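Numbering (the numbering used here), first residue to last: 8 to 138. The C-beta atom is built at its ideal place from N, Cα and C for all residues, glycine as well. On a predicted model such as this, the values are computed, not experimentally measured, just so you know. Following: one structure in structure tokens, then a few remarks.
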């Protein structure tokens, strides 16, 4: 029987391990890495990562789009109030810790948290949903 965990990382916790020199995509990847370390070791264990946005003051404070894709990219597009992309960031660091079996593209409003569901499947951790 699988257990479900909810995992909340605040920007204060991230500040200690990610510093001021990271971008929005890398901070999400660090959230995933930290969550994998907290996930149970039994097959079927689940955990939900909640990434608070903006995770760094003054960055990506408006609406944003996140893409996690099966070829390995994590991309964040930060937008202004009119929906125009003002910055974008990408990484593949999360691939060291999880398998992404399909592509998700999620639109979020200003200040909305990004939720990423993880599940242990044998020795792998798989992204099950992004919302």
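Annotation for residue 73: the continuous beta strand (DSSP E) segment containing it runs 71–75. Bridge partners of residue 46 according to DSSP: none are assigned. Distances from the alpha-carbon of residue 97 to those of 85, 104, 90 put 85 closest. In the structure shown, residue 101 falls within a helical segment according to DSSP collapsed to helix, strand and coil. Take residue 48, set aside five residues on each side of it, and the residues of its chain with a beta-carbon closer than 8 Å to its own are 127, in chain order.
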